[in-house]
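Protein chains: 2
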Amino acid sequence: MTLTDGSRPGGGVVAADHVSLRRNNLSVVLRHVRSDGPKSRARIAADTGLNKATVSSLVAELVERGLLRDGRAESERGALGRPGQLVELDGSAVCGVGAEINVDYLAVTALDLSGDTVIERRVPLDVAHLAPGTTLDHLAELVQHAVTAVTARGGQTAGVTLAAPGLVQGTTGSLKLAPNLGWGELQIVDEMRERLGGPAYAVRVDNEANLAALAAYSELRKESGSNVEDIVLLTGAIGVGGGMVAGGHLLRGGRGFSGEVGHMPVAPAGGICGCGRTGCWETVVGLTALLNKATDADDPVRDPSLDVEQRLAEITRRAEAGGARTLRALADVGTWLGIGGAILVNILNPDVLVLGGYFAVLGPWLKEPLESAIRDRVIAPDGGGCRVVQSELGFTAAVRGGAQISLDQVFLDPTLIGRDATGVAQ
Amino acid sequence: MTLTDGSRPGGGVVAADHVSLRRNNLSVVLRHVRSDGPKSRARIAADTGLNKATVSSLVAELVERGLLRDGRAESERGALGRPGQLVELDGSAVCGVGAEINVDYLAVTALDLSGDTVIERRVPLDVAHLAPGTTLDHLAELVQHAVTAVTARGGQTAGVTLAAPGLVQGTTGSLKLAPNLGWGELQIVDEMRERLGGPAYAVRVDNEANLAALAAYSELRKESGSNVEDIVLLTGAIGVGGGMVAGGHLLRGGRGFSGEVGHMPVAPAGGICGCGRTGCWETVVGLTALLNKATDADDPVRDPSLDVEQRLAEITRRAEAGGARTLRALADVGTWLGIGGAILVNILNPDVLVLGGYFAVLGPWLKEPLESAIRDRVIAPDGGGCRVVQSELGFTAAVRGGAQISLDQVFLDPTLIGRDATGVAQ
Numbered sequence: 001m002t003l004t005d006g007s008r009p010g011g012g013v014v015a016a017d018h019v020s021l022r023r024n025n026l027s028v029v030l031r032h033v034r035s036d037g038p039k040s041r042a043r044i045a046a047d048t049g050l051n052k053a054t055v056s057s058l059v060a061e062l063v064e065r066g067l068l069r070d071g072r073a074e075s076e077r078g079a080l081g082r083p084g085q086l087v088e089l090d091g092s093a094v095c096g097v098g099a100e101i102n103v104d105y106l107a108v109t110a111l112d113l114s115g116d117t118v119i120e121r122r123v124p125l126d127v128a129h130l131a132p133g134t135t136l137d138h139l140a141e142l143v144q145h146a147v148t149a150v151t152a153r154g155g156q157t158a159g160v161t162l163a164a165p166g167l168v169q170g171t172t173g174s175l176k177l178a179p180n181l182g183w184g185e186l187q188i189v190d191e192m193r194e195r196l197g198g199p200a201y202a203v204r205v206d207n208e209a210n211l212a213a214l215a216a217y218s219e220l221r222k223e224s225g226s227n228v229e230d231i232v233l234l235t236g237a238i239g240v241g242g243g244m245v246a247g248g249h250l251l252r253g254g255r256g257f258s259g260e261v262g263h264m265p266v267a268p269a270g271g272i273c274g275c276g277r278t279g280c281w282e283t284v285v286g287l288t289a290l291l292n293k294a295t296d297a298d299d300p301v302r303d304p305s306l307d308v309e310q311r312l313a314e315i316t317r318r319a320e321a322g323g324a325r326t327l328r329a330l331a332d333v334g335t336w337l338g339i340g341g342a343i344l345v346n347i348l349n350p351d352v353l354v355l356g357g358y359f360a361v362l363g364p365w366l367k368e369p370l371e372s373a374i375r376d377r378v379i380a381p382d383g384g385g386c387r388v389v390q391s392e393l394g395f396t397a398a399v400r401g402g403a404q405i406s407l408d409q410v411f412l413d414p415t416l417i418g419r420d421a422t423g424v425a426q
Numbered sequence: 001m002t003l004t005d006g007s008r009p010g011g012g013v014v015a016a017d018h019v020s021l022r023r024n025n026l027s028v029v030l031r032h033v034r035s036d037g038p039k040s041r042a043r044i045a046a047d048t049g050l051n052k053a054t055v056s057s058l059v060a061e062l063v064e065r066g067l068l069r070d071g072r073a074e075s076e077r078g079a080l081g082r083p084g085q086l087v088e089l090d091g092s093a094v095c096g097v098g099a100e101i102n103v104d105y106l107a108v109t110a111l112d113l114s115g116d117t118v119i120e121r122r123v124p125l126d127v128a129h130l131a132p133g134t135t136l137d138h139l140a141e142l143v144q145h146a147v148t149a150v151t152a153r154g155g156q157t158a159g160v161t162l163a164a165p166g167l168v169q170g171t172t173g174s175l176k177l178a179p180n181l182g183w184g185e186l187q188i189v190d191e192m193r194e195r196l197g198g199p200a201y202a203v204r205v206d207n208e209a210n211l212a213a214l215a216a217y218s219e220l221r222k223e224s225g226s227n228v229e230d231i232v233l234l235t236g237a238i239g240v241g242g243g244m245v246a247g248g249h250l251l252r253g254g255r256g257f258s259g260e261v262g263h264m265p266v267a268p269a270g271g272i273c274g275c276g277r278t279g280c281w282e283t284v285v286g287l288t289a290l291l292n293k294a295t296d297a298d299d300p301v302r303d304p305s306l307d308v309e310q311r312l313a314e315i316t317r318r319a320e321a322g323g324a325r326t327l328r329a330l331a332d333v334g335t336w337l338g339i340g341g342a343i344l345v346n347i348l349n350p351d352v353l354v355l356g357g358y359f360a361v362l363g364p365w366l367k368e369p370l371e372s373a374i375r376d377r378v379i380a381p382d383g384g385g386c387r388v389v390q391s392e393l394g395f396t397a398a399v400r401g402g403a404q405i406s407l408d409q410v411f412l413d414p415t416l417i418g419r420d421a422t423g424v425a426q
């Protein structure tokens, strides 16, 4: 149940009835334990404003559904002088899965309800040179492997979210366009459901930068708390994408096509982009631009069949060794990163600009020119308070975000998980 | 009460207690009547899922507070065969006021609860050449005039929202920087409250483009219904600002400094901006850029002491008469408008890009190059579905948005208005 606020005149109207109130309160208790950690029933009642009998009944139901469990006894005595039993998230019962298709790899991860990683896999694959169907066969195998691992530890899969580097329409489960994969329109959710044997869990698709932004946002909230509500994440390697969280909400745009920052026309004299246009931002800040500047055509670091992390490790080695050509190329990419970065910060005023994907790996050389452009080119004093940070999630950000979205559905509506905790109620 | 949704992991947790539930349900009923028009109690119950006895009690309280009133009888017989009495918004009791400071004018408007205009005033003023205190004296007079007009018709003022063309921090009621006014930091809310004699109603400040975007969003929702949730509004004359609504929420950024689109560095070879930097978007799309291209230095249309609408009417006259220099200048500004517009559409994927301020007046000449750039430079098919429309609110958009924000507080919490409807409960 989401009610409108002052910023949303004319928004939807939702009144509370008893069923939705119960579901809402289950969600409130479950999310409270997630965000604040193990708690006694009395403390949950005090924090949420619900009365103690209601909280006891809600906790009992969440335990039945396998989402909460009784943990250790409270270490400090409460106001009543009796140590209470703490309830905590039950990590084991329910997992979310994220699965990513990218230009040169596939990846999968499963996270349990407490956010712990159950399984994580990444395999290099030259996706742009395979038929989409073949790639999806490989991806389905990876997903099935993750689901099996979840089942093997006695858990159930709440949902699978696919991350794709392109224009995605989540409502219809379709990929509209992924220029760097060379893919056109594809009913990707249907294709995957079929390959997975029509599973009971939900399958969704989202843009990889959106999912990476959600994962980064989640990490930042753990570190910085609720004073971070607005972030922009830049990710990619060959292609460059942006994911944005504003006022705590993921920005998707009217049709779900927001965040196409790689195609901002910032370099009129730039090269031809994968999208067919000239001067897109990714032609001056993408991995190809860096490699073209830093290396000769026959340099093995350009080989797309090598794992991208190995190739970036080699660039890093050269930069650390003071290779003049590499450093010049990084400085040039950093300057262009600053020009586009300042545009994003002027428009969105994020608390944090997160460097993800390949930008995170080369952050030590890119960050300074980016920060300098933000100081110089952003009109708000002190860059509007924007910090630049390197993501520590590496290339796992999108799959982690995908797994989180699958789990979020359970946090929003705990009744999705059956009371016997053996099957997903659809 | 705003609950988090799936896009907001780790967001706030709010549980319903009886007082907040009652307040929430009062708000639900009041907003439902606003968005759907006059309704019988039975219909409100059916639409909201609340039971009829509860709805009757809620409506009675809203009538007591002067927010709803009984209207005509239902024209069609309901399911029970009895025509019901319709309840409707009581426009007369409560008004919101918006007041704007801009480079060359001040404006004020008061809207009643049904959105009807009670009073509207705009006065040319060369603000950039006056001391801030003198301008605020003039603005306070205008606001007092509006409040008096509201009182004279038996209403009360729920709040006053100031619109300023610059960086605004709503939480502290301060203006940080308004380059085109030549104003630095100013405790503008305190200054105005003092000039207004410490009024009982709330005084707020917001960015003028944000408020104009809210007003435009509200108009679009009236026309297009709920399929519009994402808009970008461009406004301004000398300075250029952007206001953005995404997923139904106004974007403010981490510190409230979002929407500084006028300072996107898109024209490296451009002129010096009011902010001191080179190549900002407003140096190639603002009114000054147009006038420099279209007119000689001694052309009377450049005179800032004339009303901006008169000056734009003269430009329009010349364009309609086929003046080659005017048309060339408009085409040039339109092309630059498209370059920045495509950046905004790639990033935000709005349903609608609204031309406000001076862009709305000259829209007939600017729209085509802008639409063409969106088709050509936006990677999502069909420009991501983005329509370009000219605002019909003219230079009243920001004050209307300000009045609406003041009223929105009442829609969100009807208990702000006292039960005797004679005083604002603070």
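These protein sequence lines are chains A and B, in that order. Position 220 of the first sequence, counting from 1, maps to 220 under UniProt numbering, and the rest follow consecutively. Position 2 of the second sequence, counting from 1, maps to 2 under UniProt numbering, and the rest follow consecutively. Glycine is no exception: its CB is placed at the ideal position from the N, C-alpha and C atoms.
> Who are the neighbours of Asn207(B) on chain A, taking C-beta pairs under 7 angstroms?
Replying inline: Along the second sequence, one-based indexing puts residue 207(B) at 207. The premise fails here: Asn207(B) is roughly 11 angstroms from chain A at the closest Cβ pair, so nothing lies under 7 angstroms.
> Does DSSP put Ile238(B) in a helix, a strand or coil?
Replying inline: In the second sequence, residue 238(B) corresponds to position 238, counting from 1. In the structure shown, Ile238(B) sits in coil (DSSP, three-state: anything other than H, G, I, E or B).
>> Using DSSP's beta-bridge definition, name the partner residues of Cys386(A).
In response: The residue labelled residue 386(A) in the question sits at position 386 within the first sequence. Cys386(A) is not bridged to any residue.
>> Taking its Cβ as the centre, do 16 or more other Cβ atoms sit within 10 Å of Arg252(A), making it buried, or is it exposed?
In response: For this step, residue 252(A) is matched to residue 252 along the first sequence. Answer is buried; the Cβ neighbour count reaches 16.
> Looking at the structure shown, is Asn210(B) part of a helix, part of a strand, or coil, going by DSSP?
Replying inline: Position 210 of the second sequence, counted from the first residue, corresponds to residue 210(B). Three-state DSSP puts Asn210(B) in a helix.
> Per DSSP, what kind of secondary structure is Gly133(B) in: helix, strand or coil?
Replying inline: Your numbering for residue 133(B) matches position 133 in the second sequence. Three-state result, Gly133(B): helix.
>> Report the start-end ranges of each alpha helix (DSSP H) in the stretch 283-322 of chain A that is 4 residues or longer and not cut off at the edges.
In response: 287-294, 308-320
> Closer than 9 angstroms, CB to CB, is Glu368(A) near chain B or not?
Replying inline: Taking the first residue of the first sequence as position 1, residue 368(A) is located at position 368. Cβ-Cβ to chain B under 9 angstroms: no for Glu368(A).
> For chain B, is any of its Cβ atoms less than 9 angstroms away from the one on Gly286(A)?
Replying inline: As a position in the first sequence, residue 286(A) is number 286, starting the count at 1. The beta carbon of Gly286(A) sits no closer than 9 angstroms to any beta carbon of chain B.
> So is Thr283(A) buried or exposed if we call it buried at 16+ other beta carbons inside 10 Å?
Replying inline: To locate residue 283(A), count along the first sequence from 1; it is residue 283. That one is buried.
>> Helix, strand or coil for Ala93(B)? Go by DSSP, reduced to three states.
In response: Start at 1 with the first residue of the second sequence, and residue 93(B) comes out as number 93. Correct three-state label for Ala93(B): coil.
>> So, with DSSP's three-state summary, where would you put Tyr217(A)?
In response: Here residue 217(A) corresponds to residue number 217 of the first sequence, with the count starting at 1. Of the three classes helix, strand and coil, the one that applies to Tyr217(A) here is helix, per DSSP.
>> Give me the subset of the stretch 239-259 of chain B whose CB atoms are less than 9 angstroms from a CB atom of chain D, sorted by chain position.
In response: Although the question refers to chain D, the structure presented lacks it and instead comprises the protein chains A and B.
>> By the 8 angstroms beta-carbon criterion, what residues does the stretch 220-235 of chain A contribute toward chain B?
In response: Within the stretch 220-235 of chain A, the residues whose Cβ lies closer than 8 angstroms to some Cβ of chain B are Arg221, Lys222, Ser226, Val228, Glu229, Asp230, listed in chain order.
>> Residues of chain B with CB closer than 9 angstroms to the CB of Asp351(A), please, in chain order.
In response: Here the question's residue 351(A) lines up with position 351 in the first sequence. Those are Gly253, Gly254, Arg255, listed as they occur along chain B.
>> If we require 4 or more residues per run, which alpha helix (DSSP H) segments fall completely within the stretch 327-397 of chain A?
In response: The qualifying runs are 357-361, 363-377.
>> Please tell me whether Asn316(B) and Val361(B) are closer than 9 angstroms, where the distance is taken between their beta carbons.
In response: The residue you call residue 316(B) lines up with position 316 of the second sequence. The residue you call residue 361(B) lines up with position 361 of the second sequence. In the sequence as presented, Asn is not what sits at residue 316(B); that position holds Thr. Yes. Within cutoff.
> Under a CB-based cut-off of 9 angstroms, is Ser57(B) close to chain A?
Replying inline: Numbered from its first residue, the second sequence carries residue 57(B) at position 57. Chain A contact via Cβ: absent.
> Which ranges does the beta strand (DSSP E) cover as unbroken runs of at least 3 residues, wholly within the stretch 12-60 of chain A, from first to last along the chain?
Replying inline: Taking only runs of at least 3 residues, no beta strand (DSSP E) segment lies wholly in the stretch 12-60 of chain A.
>> To the nearest angstrom, how far is the alpha carbon of Ala213(A) from that of Asp116(A)?
In response: On the first sequence, residue 213(A) is found 213 positions in, with the first residue counted as 1. On the first sequence, residue 116(A) is found 116 positions in, with the first residue counted as 1. Approximately 18 angstroms between the Cα atoms of the pair.
> Using DSSP with H/G/I as helix, E/B as strand and the rest coil, what is Arg69(B)?
Replying inline: Your numbering for residue 69(B) matches position 69 in the second sequence. In the structure shown, the three-state DSSP call for Arg69(B) is strand.
> Which residue comes first and which comes last in the beta strand (DSSP E) that contains Arg122(A)?
Replying inline: Here residue 122(A) refers to the residue found at position 122 of the first sequence. First-last of the beta strand (DSSP E) with Arg122(A): 117-124.
> chain A beta carbons: is any one of them nearer than 9 angstroms to that of Arg277(B)?
Replying inline: For the purposes of this step, residue 277(B) is identified with residue 277 of the second sequence, where counting begins at 1. Yes, contact with chain A.
>> As an exercise, report each continuous beta strand (DSSP E) stretch of at least 3 residues that is fully enclosed by the stretch 240-267 of chain B, in chain order.
In response: 240-246
> Looking at Ile343(B) and Met244(B), is the spacing between their C-beta atoms short of 9 angstroms?
Replying inline: The residue you call residue 244(B) lines up with position 244 of the second sequence. The residue you call residue 343(B) lines up with position 343 of the second sequence. No, these two residues do not count as a Cβ contact at 9 angstroms.
>> Can you determine whether any heavy atom of the ligand SAH sits closer than 8 angstroms to the C-beta of Gln409(A), and answer yes or no?
In response: By its list of ligands, the structure shown contains no ligand whatsoever, and the ligand SAH lies outside what it can speak to.
>> Could you give the first and the last residue of the continuous beta strand (DSSP E) run that contains Val189(B)?
In response: Counted from its first residue, the second sequence places residue 189(B) at position 189. Residue range 188-195 is occupied by the alpha helix (DSSP H) that includes Val189(B), with no beta strand (DSSP E) assigned at that position.
> Interface residues of chain A around Arg377(B) at Cβ under 8 angstroms?
Replying inline: Here residue 377(B) is taken as the residue at index 377 of the second sequence, counted from 1. By Cβ distance, chain A contributes His263, Pro265, Arg277.
> Are there 16 or more other CB atoms within 10 angstroms of the CB of Val123(A), so buried, or fewer, so exposed?
Replying inline: Residue mapping note: residue 123(A) aligns to position 123 of the first sequence, counting from 1. So Val123(A) counts as exposed.
> Near Gly274(B), what residues of its chain come up, given a Cβ to Cβ distance below 8 angstroms and the 5 sequence neighbours on each side ignored?
Replying inline: Residue mapping note: residue 274(B) aligns to position 274 of the second sequence, counting from 1. Excluding residues within five positions, the ones whose Cβ falls inside 8 angstroms are Pro179, Asn180, Ile238, Gly239, Glu282.
> So, helix, strand or coil for Val232(B), using DSSP?
Replying inline: Taking the first residue of the second sequence as 1, we reach residue 232(B) at position 232. Val232(B): strand per DSSP, three-state reduction.
> Between Val97(B) and Gly402(B), what straight-line distance do the alpha-carbon atoms span, to the nearest angstrom?
Replying inline: In the second sequence, residue 97(B) corresponds to position 97, counting from 1. In the second sequence, residue 402(B) corresponds to position 402, counting from 1. Whole-angstrom Cα-Cα distance: 7 angstroms.
> If you measure from the beta carbon of Ala380(B) to each beta carbon in chain A, is any gap under 9 angstroms?
Replying inline: Here residue 380(B) refers to the residue found at position 380 of the second sequence. In terms of beta-carbon proximity, Ala380(B) lines the interface with chain A, with at least one pair separated by less than 9 angstroms.
> Any contact of the stretch 376-385 of chain A with the stretch 403-410 of chain A, i.e. 3+ C-beta pairs under 8 angstroms?
Replying inline: no
>> Strictly below 9 angstroms CB to CB, what residues from chain B border Lys39(A)?
In response: Taking the first residue of the first sequence as 1, we reach residue 39(A) at position 39. Ordered by position in chain B, no residue passes the 9 angstroms Cβ test against Lys39(A), which lies about 12 angstroms from the chain.
> Leaving out the 5 sequence neighbours to the left and right, which residues in its chain are closer than 7 angstroms to Glu314(B) when beta-carbon positions are compared?
Replying inline: Within the second sequence, numbered from 1, the residue matching residue 314(B) stands at position 314. Setting aside the 5 residues that flank it on each side, Glu314(B) is surrounded in the same chain by Val301, each with a C-beta closer than 7 angstroms to its C-beta; the list follows chain order.
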